[in-house]
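These notes are about the structure you will find just below.
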Amino acid sequence: MRWTSTSMIAAAVLLACAERTTPPEPGAEPAPVPDRVPAPADISALVLEADVAVMESFPVQLRGTLTVRNPTDRAIQFDVGGCPVFLRAYRTAGEIAWDQGDGAICTMILRTVTLDPGATETFETATASAADILGEDLPDGTYGVGVYLALVEGGQPEASAGEVELAIPR
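Using our numbering, you'd call the opening residue of the sequence shown number 5 and step up by one each time.
Structure follows, in structure tokens:
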């Protein structure tokens with residue numbers, strides 16, 4: 005490989021700007037590693053409230069809102085990606101009929117949400133039409149709707165947003 009003056013300058017800048025850490029003293033305790041994964045108890049302590057806006061058209065369109073509140077006396081942190089919340093539709097028996105997160109294409113953004121004691125954060129889903137939800141396989145009818153938080157660390161805490169009537173031209 006032939007080094008040009010530009011490549012040598014770029015390499016020198018990278019080496020000069022690289023983060024340098026000093027090795028620990030022999031026998032010293034290692035530095036603590038921050039724990040970015042919230043304890044399940046922290047996540048389960050959050051209060052979730054969901055709502056779904058029904059935009060009257062034919063077929064109707066839905067947009068969910070999830071408000072997350074920290075009722076504890078300590079800050080709670082969690083990570084979400086580019087699509088932090090999704091809608092779910094349920095059949096009357098509680099079986100998942102459709103999940104907006106299945107096959108969703110989201111940006112690769114990592115966002116850390118810090119909720120101080122008593123703080124709230126509101127998230128909004130993308131809009132979904134009844135045609136998206138019902139597709140060709142699901143019948144018109146009443147469906148339960150939930151909005152869930154898609155945590156990067158895993159887990160999908162969810163809140164019910166009630167029921168909606170869904171129908172599409174057939």
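We treat Cβ as the ideally placed atom computed from N, Cα and C, and that holds for glycine.
Query, Result
"Give me the residue from 59, 72, 55 with the minimum Cα distance to residue 120.", "72"
"For the alpha helix (DSSP H) that contains residue 135, what are its first and last residues?", "134-138"
"CB-CB under 7 Å to residue 124, same chain, minus the five flanking residues each way: which ones, in chain order?", "71, 72, 73"
"Thinking C-alpha only, which one of 94, 84, 86, 154 is nearest residue 164?", "94"
"Please identify the residue among 159, 152, 172, 160 whose C-alpha is closest to the C-alpha of residue 54.", "152"
"If contact is defined by three or more beta carbon pairs under 8 Å, each pair taking one atom from either stretch, is the segment 79-93 in contact with the segment 129-144?", "yes"
"Where does residue 45 sit, in a helix, a strand or coil, going by DSSP?", "helix"
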